[in-house]
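To convert a position in the sequence shown, counted from 1, into this note's numbering, add 475.
In what follows, a structure is listed as structure tokens, so that the remarks can point back to it.
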Amino acid sequence: MKLQALLKKYSNQLTGLSALLILIAYSGKYLLNSYFLWAFALLLATFIGLVPIAFQAVQALKFKQVSIELLVSIAVIAALFIQEYEESAIVTFLFAFGAFLEKKTLEKTRSSIKSLTEITPSTALRISGEVIDIDDVKINDELLVKTGAQVPVDGSIYEGAGFVNESSISGESAEIKKGVGDKVFAGTLLENGSLLIQAEKVGEDTTFGKIIELVEEAQDTKSSAEKFIDRFAKYYTPSVLVLSFLIFIVSQDIKLAITLLVLGCPGALVIGPPVSNVAGIGNGAKKGILIKGGNIMTNFSQTDLLLFDKTGTLTKGKTQVSITKNYGASTELINQVAMLESQSDHPLAKAIIDEIGEFTKVPLQNIEVIKGQGISADHLLIGNEKLLENHQIFLNAQQKNDLMKLQKHGLSTVLIADDKVRLLYGITDEIRPNVKETLTRLKKQGIKELIMLTGDNESTAQSIAQQVGISQVYANLLPEDKAKIVQDYKLAGKKVAFIGDGINDSPSIALADVGIAMSSGTDIAIETSDIVLMSSNFDNLSYAHSLAKSTRKNMRQNILIALFVVIFLLSGLILGNSSGFIGQYVNMATGMFVHEASILLVILNAMRLIPHKKILSKNFTVAND
């Protein structure tokens, strides 16, 4: 392990020394006419370059893997055996230099995760003025955040106000006004103001910490193309070794055999798909789009059906009561309604509480949440018409008419009853900006069907669907109903993506080929979904789809480049050998040079994904590959 660490630590210096020795060798040959200096310098350069390559080959063999390093090591040792010092030195140098360039360019493709880790808060400020290390912050600690400082933890503001830049979380640079009671997140920047916050999540448990962890894990998650290449290389590389041995046995031409070893190295083929995956995922991270692996990229690029939740997805989820119909509700009953709704996190419940405002707390018993219908306690019922009917409470003609009018205008409705219907709330939920444009764009990008699944009533659902351009709607659904629809479409052969709020829709998100959580940032969203859109910008959905398609296309391009190079070199070897051409052009050194050039080519091709902005063009044109 010490040797491995030393070789890794000084790899750049060893590569530089190898280059210097090759330069000395040629100087000795052509300037000093010294064969000894030429041979000695090349042998030393070969040895310096071969040690780390051979070490990697041995390490791979311990895990029963026949690696590219093994092919190169055998070829170099054989070249030394037949005194081809020039080729052995050049091959080892090019292999080491190629590894150096790969490392540098791969660091560039991983720039997104690097930039994230660089802005991770390292210190926090106690309200006493004491600066402490971020690792020393505990839950419930009270911290001060000044203008221009990073928020060190996830927490709640209990004093102060200011404008916070949450681009590290959402990818959006717009400043958000924050005040007492609002949540703030680690890694965000207080542009103006002063905040006193109480820590709720610290360290790796913060939203920012989870984002970094997810991006790191995602960049190591393999796509189907990568898994195929791994399987291919597992059999291809030993096959090249066996073929080379057979050629030597038949032809007795060791130079031909070792040249085949070098030319048959699938370097670009192995690295091409993963580097595309890394670059694509990194690009998404910059936009606040967390894609959990290359397999998700592939699946989303092939999606032909998108299923949408309504509340909190197509709409903002910021509900408010627009119309109240009172049919004889007492103050006591309204207090009971507020008390009962305070037990729920549903957006409609929050809207009713906001509408009621201050209320007197009253005791309630036998509280029961009834899925798809509402909530009850003692004699009080809050929910839809089905809930009331199941308790033998029916609307009169006027109430039915009021209910239909509200639903026809796209309002969500909540009925309140004890022994009779006492209240009817009409609740609005604003549609997210650019939803219709985004859905149109998704169709142009290759999504064939867009369908809404909602627990809301049919009239409201149809009204919203019409406004955003969705033609097919399933309404009055329970969470299990949504999950069944997802399953049915999958069984019908559809490639299904489901986008919801990440909480009530978690069964559907988990079942879909691609589960997407919209603008949530909650633990369950991050854990359950395949893609998390941290921003409230609905455009990011079409951007994510475009990025997935471009990443998949880039992977395929890299595979084709790699295959072309291998076929070209092997063909050149075969044709050259038959025509006496091999000694001049297709040899170990030139073969290794072309291989390293092809590796750099696929990396540079993948790097085109880093500034991917195709979706932002005027016409939103995306190749349908």
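C-beta atoms are modelled at their ideal positions from N, C-alpha and C, and glycine is treated no differently.
Check: I believe Q961 touches L986 by the beta-carbon criterion, under 8 Å. Please report the beta-carbon distance rounded to the nearest angstrom.; Outcome: Here the sequence assigns Val to residue 961, which means Gln is not the residue at that position. Rounded, the Cβ-Cβ distance is 5 Å, consistent with contact.
Check: Please name the residue in G849, V677, K911 and A516 whose C-alpha comes closest to that of I1103.; Outcome: The structure shown does not extend to residue 1103, since the chain spans only 476 to 1100, so no value can be given for it.
Check: Roughly how far, in whole angstroms, is the beta-carbon of D610 from the beta-carbon of K791, given that I think they are within contact range, below 8 Å?; Outcome: Actually they are not in contact, since the Cβ atoms of D610 and K791 sit about 37 Å apart, beyond 8 Å.
Check: In chain order, which continuous runs of the alpha helix (DSSP H) of length 4 or greater are located wholly inside the segment 948-996?; Outcome: 954-966 and 981-986
Check: Considering only residues of the segment 898-940, which uninterrupted alpha helix (DSSP H) runs meet the minimum length of 4 residues and lie entirely inside it, listed in chain order?; Outcome: 910-919
Check: Would you list, in sequence order, the uninterrupted alpha helix (DSSP H) runs of no fewer than 4 residues that lie entirely inside the segment 759-834?; Outcome: 769-776, 806-816 and 822-831
Check: Could you tell me which residues DSSP pairs with G630 in its beta bridges?; Outcome: V659 and A674
Check: What number of angstroms, rounded off, separates the C-alpha of I549 from the C-alpha of V1040?; Outcome: 21 Å
Check: When we look at the beta-carbon of F572 and count the other beta-carbons within 10 Å, is it buried (16 or more) or exposed?; Outcome: buried
Check: Where does the unbroken alpha helix (DSSP H) through I543 begin, and where does it stop?; Outcome: I543 to F556
Check: Could you tell me the alpha carbon to alpha carbon distance between K793 and V943, rounded to whole angstroms?; Outcome: 18 Å
Check: From D779 to A950, what distance separates their C-alpha atoms?; Outcome: 22 Å
Check: Which class does E843 belong to by DSSP, given the choice of helix, strand or coil?; Outcome: strand
Check: Tell me the DSSP secondary structure of I607 in three-state form.; Outcome: strand
Check: On the DSSP bridge assignment, give the partners of I651 in chain order.; Outcome: V639
Check: What three-state label does DSSP hand G668 in the structure shown?; Outcome: strand
Check: Among L489, N615 and L731, whose alpha-carbon lies nearest the alpha-carbon of G1047?; Outcome: L731
Check: Can you find the residues in the same chain that come closer than 6 Å, C-beta to C-beta, to E650, ignoring five residues on each side of it along the sequence?; Outcome: F638, N640 and E666
Check: How would you label A872, buried or exposed, when you count the other beta carbons within 10 angstroms and need 16 or more for buried?; Outcome: exposed
Check: Secondary structure at V745, three-state DSSP: helix, strand or coil?; Outcome: helix
Check: Between M1063 and R1027, what straight-line distance do the alpha-carbon atoms span, to the nearest angstrom?; Outcome: 33 Å
Check: Using the Cα positions of S509 and F575, report the straight-line distance between them to the nearest angstrom.; Outcome: 31 Å
Check: Quick one: what's got a C-beta closer than 7 Å to A494's C-beta in the same chain, skipping five residues either side?; Outcome: F568
Check: Evaluate the contact criterion for the segment 1017-1035 versus the segment 770-784: three or more CB pairs, one atom per stretch, below 8 Å.; Outcome: yes
Check: May I have the straight-line CA-CA distance separating F515 from T521, to the nearest angstrom?; Outcome: 10 Å
Check: For the pair the segment 1069-1089 and the segment 749-760, tell me if three or more CB-CB distances fall below 8 Å.; Outcome: yes
Check: Under the assumption that I704 contacts L744 (Cβ atoms under 8 Å), give the Cβ distance between them as a whole number of angstroms.; Outcome: 6 Å
Check: Buried or exposed: which applies to G742, given that a residue is buried once 16 or more other Cβ atoms fall within 10 Å of its Cβ?; Outcome: buried
Check: Could you check what DSSP says for A599 in three-state terms: helix, strand or coil?; Outcome: strand
Check: Going by alpha carbons, who is nearest to Q947 out of F723, I1049, L781 and I828?; Outcome: L781
Check: Alpha carbon to alpha carbon, what distance is there between I766 and G1055?; Outcome: Confidence at G1055 is low in this model, with a pLDDT of 47, below 50, so its placement is unreliable and the value that follows should be read with caution. When rounded, the distance between both Cα atoms is 52 Å.
Check: Count Cβ pairs between the segment 812-831 and the segment 794-801 that sit closer than 8 Å; are there 3 or more?; Outcome: yes
Check: What does the alpha-carbon distance come out to for the pair I499 and S719?; Outcome: 33 Å
Check: Name the residue from E561, L671, V715 and A564 whose alpha carbon lies nearest to the alpha carbon of L546.; Outcome: V715
Check: Using C-beta distances below 7 Å, list every residue in its chain close to I614, excluding the 5 sequence neighbours before and after it, in chain order.; Outcome: A674, E675 and V677
Check: Distance check for G757 and T1065, CA to CA, integer angstroms please.; Outcome: 34 Å
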